[in-house]
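Following: one structure in structure tokens, then a few remarks.
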Amino acid sequence: MSPAFIKGVGEHLPNARLTFDKFHVVAHASKALDTVRRQQQKADSELKGMGWTLLKDVNKLNLAQLTDLEALVRQYATKRTARA
């Protein structure tokens, strides 16, 4: 996933097919989400304690977490892109 890895494979193994495993893709996305969450927490203290709620499967949230998440989505209706 790193640019150095992709470049190295392309240069030294030109016939190789690049694949990325699910674990590392999810880990990379989770790390990016956590970075954005931390940045936003510094600007808005209401986001404190929302880390697990944001990472957890929405179908596994309890009622309180689901309510918090819905309120958060309404409050931050503007879509933003987080670059990993």
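Quick note, the sequence shown lines up with residues 19 to 102 if you use our numbering.
Note that beta-carbon positions come from the ideal geometry of N, C-alpha and C, so glycine has one too.
In this text the structure is predicted, and so the values were computed from the model without any measurement.
Quick one: what's got a C-beta closer than 7 Å to Thr-71's C-beta in the same chain, skipping five residues either side? Within the same chain, Thr-71 has close Cβ partners Leu-79, Gln-83, Asp-86 and Leu-87.
Which residues bound the alpha helix (DSSP H) around Leu-120? Given a span of 19 to 102 for the chain in the structure shown, any question on residue 120 remains unanswerable.
Pick helix, strand or coil for Lys-66, following the three-state DSSP scheme. Correct three-state label for Lys-66: coil.
Distance between beta carbons of Gly-69 and Arg-55, contact taken as under 8 Å: Yes, Arg-55 and Gly-69 are in contact; Cβ-Cβ is about 6 Å, under 8 Å.
Using the Cα positions of Lys-60 and Asn-33, report the straight-line distance between them to the nearest angstrom. Approximately 46 Å, taken between the alpha carbons.
Which value, in whole angstroms, describes the spacing of the CA atoms of Ala-102 and Phe-38? Per-residue confidence for Ala-102 stands at a pLDDT of 48, beneath the threshold of 50, marking its modelled position as unreliable; the derived number appears in the next sentence. For Ala-102 and Phe-38, the gap between their C-alpha atoms comes out near 15 Å.
Along the alpha helix (DSSP H) that carries Ser-48, what are the first and last residues, could you check? Unbroken alpha helix (DSSP H) run through Ser-48: 40-61.
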